[in-house]
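The block underneath contains the structure these notes are about, expressed in structure tokens.
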Amino acid sequence: APITRLADAVQARQKPFPFQDATDEIGVLARAFAQHSDELEQFLQRERCFVGDASHELRTPLAVIAGAAETIAHQLPADSRLIASAERIVRTTQEMQRQLTCLLLLSRDPQTLARSEVALRPLIEDCMARCRPWLASKTVALVLDAPKDTHIHAQPELARSVVWNLLRNACQYTDEGEVRVALEGTALVISDTGPGLPPSIDTRQFRRFVHGGLHSGEGLGLSIVQRIVEHLGWHMT
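Just so you know, we're using our numbering here: the sequence shown kicks off at 16 and counts up by one.
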């Protein structure tokens with residue numbers, strides 16, 4: 016009975032754990048659990064502080080870079096070959112700002128996330144528009160097959176990041192054919208006619224910094240999506 020009560024307290028994260036003052040082996044076990052739990056909480060707090068501090072310090076220079084790039088893009092002559100580069104800087108800094116927001120959200124307890132009803136089709140359409148530059152020189156059709164009135168209950172920025180990262184990967188690695196986004200029941204399916212995932216990637220648990228080698232990339236996209244879907248209580252295959 017004492018072991019069961021202690022196990023229930025650990026599972027429910029009830030503090031303080033029972034039997035910490037006991038002098039028998041149950042007390043030894045309870046104190047060991049309490050110490051380990053405190054160490055985990057301290058580690059989590061340090062990680063959250065780091066993410067928050069790093070994100071805060073990066074926001075200002077990113078805003079400066081984005082503002083300067085927008086200014087350059089507007090001041091360049093209409094026929095300038097540098098406009099595409101300036102616009103690319105703007106898009107990249109905007110994406111970095113969104114990723115920082117997602118990292119901050121991922122550092123929080125999933126139970127504390129503010130969720131709302133999110134219209135899914137406009138979210139997907141926005142991500143598709145942002146992917147157009149990757150398809151500009153390719154013979155790839157970008158297809159959306161989803162009803163207009165579909166809503167999901169989720170954290171909007173995290174839901175957007177899931178769609179964006181998967182769709183961006185599909186567009187980057189597909190050289191011809193089709194990239195399709197479809198709603199099939201309760202599943203959002205993003206498919207393409209590209210090379211598919213390389214054998215080096217474990218599709219049961221996407222790991223960081225693992226990519227196929229045929230294309231350049233830091234291998235973070237699928238790892239971030241995996242973290243987000245777990246944070247939201249979703250499932251990805």
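Even for Gly, the Cβ is constructed at its ideal location relative to N, Cα and C.
Please read these numbers as outputs of a predicted model, since none were measured by experiment.
Give me the residue from D68, Q112, P17 with the minimum Cα distance to G82. Distance check between G82 and each of D68, Q112, P17 places Q112 closest, using alpha-carbon atoms only.
Return the chain-ordered list of same chain residues with a C-beta closer than 8 Å to the C-beta of A88, the five sequence neighbours on each side being excluded. Same-chain partners within the cutoff: I98, A101, E102, V105.
Closest residue to L138 among S52, A174, P214, R74 (Cα-Cα distance): When each option's Cα is compared against that of L138, the closest is A174.
C-alpha distance - A24 paired with P162, whole-angstrom precision: As the crow flies, the alpha-carbon of A24 is around 46 Å from that of P162.
Would you mind sorting L59 into buried or exposed? The rule is 16 or more other CB atoms within 10 Å of its CB. In the assembly as shown, L59 is an exposed residue. Its beta-carbon has fewer than 16 other beta-carbons within 10 Å.
Can you tell which of Q170, G200, N184, R61 has its C-alpha closest to the C-alpha of Q126? The candidate whose alpha carbon is nearest that of Q126 is Q170.
Is the distance from the Cβ of L118 to the Cβ of V155 below 8 Å? Here L118 is not near V155, since their CB atoms are 8 Å or more apart.
Assuming L55 contacts L21 (C-beta within less than 8 Å), just tell me the rounded distance between them. That belief does not hold up - the Cβ atoms of L55 and L21 are roughly 17 Å apart, past 8 Å.
Contacts around R63, its chain only, beta-carbon distance under 7 Å, and the 5 residues preceding and following it disregarded: Counting only Cβ-Cβ distances below 7 Å, and skipping sequence neighbours, we find S122.
Out of curiosity, what's the CA-to-CA distance linking W179 and E193? So the two alpha carbons sit approximately 17 Å from each other.
Tell me which residues share the same chain as A27 and place their Cβ nearer than 6 Å to its Cβ, disregarding the 5 neighbours each side in the sequence. Hits under 6 Å: none found.
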